[in-house]
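In our numbering, the protein residues as written are 69 to 252. To start, the structure under review is shown below, and the notes come after it.
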């Protein structure tokens, strides 16, 4: 495990170096999306620091350099698993890493169980859905519903789709650094 200050420095420097990059077909950058997601999470679950940090870090895998390549311009293959593994190695909790790892699975679940959800997805999310496995089988749906973090997986996924507001001011990262210090 990496020392907490080194882990925080790594995360923040990654966002500072690569956060300006396009968020794969969306009208916001990676950093804008991450901060908007964290701010939405803070409004939904203000006392759940892990949930807020998971919202901020859920797409961290897109920013990690890998040899897996991208999904035809729509992000890094398996970014959710890459992000979860990287964050675990940095010392983040199992709750955070599981939320990060399952945010794509939550999208697949919602599309499989809620006919209106697909219509609300951004065009880029619709394209990546197919690349990420598409619909879940009924058995996969039941298994996911039995996950102890199921409700938080769904909440994170819903705010993930909302955190794509073009032109919204991005707050300083200091409050997120402070949350990471508290967490790690």
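We put the CB at the ideal spot given by N, CA and C, even for glycine.
Residue 95 is positioned such that its CB atom lies closer than 7 Å to that of residue 234. With fewer than 16 other Cβ atoms inside 10 Å of its own Cβ, residue 236 counts as exposed.
Contact between the region 110 to 126 and the region 153 to 161 is present: 3 or more CB-CB pairs across the two stretches fall below 8 Å. Pairwise C-beta distances place the region 194 to 209 in contact with the region 171 to 181, as three or more of them are shorter than 8 Å.
If you draw a straight line from the Cα of residue 77 to the Cα of residue 89, it is about 19 Å long. With fewer than 16 other Cβ atoms from the protein chains shown falling within 10 Å of its own Cβ, residue 184 counts as exposed. Within the same chain, Cβ atoms closer than 8 Å to the Cβ of residue 250 are found at 117, the five residues on either side in sequence being excluded. Around the beta carbon of residue 110, a 10 Å sphere encloses 16 or more other beta carbons of the protein chains shown; the residue is thus reported as buried.
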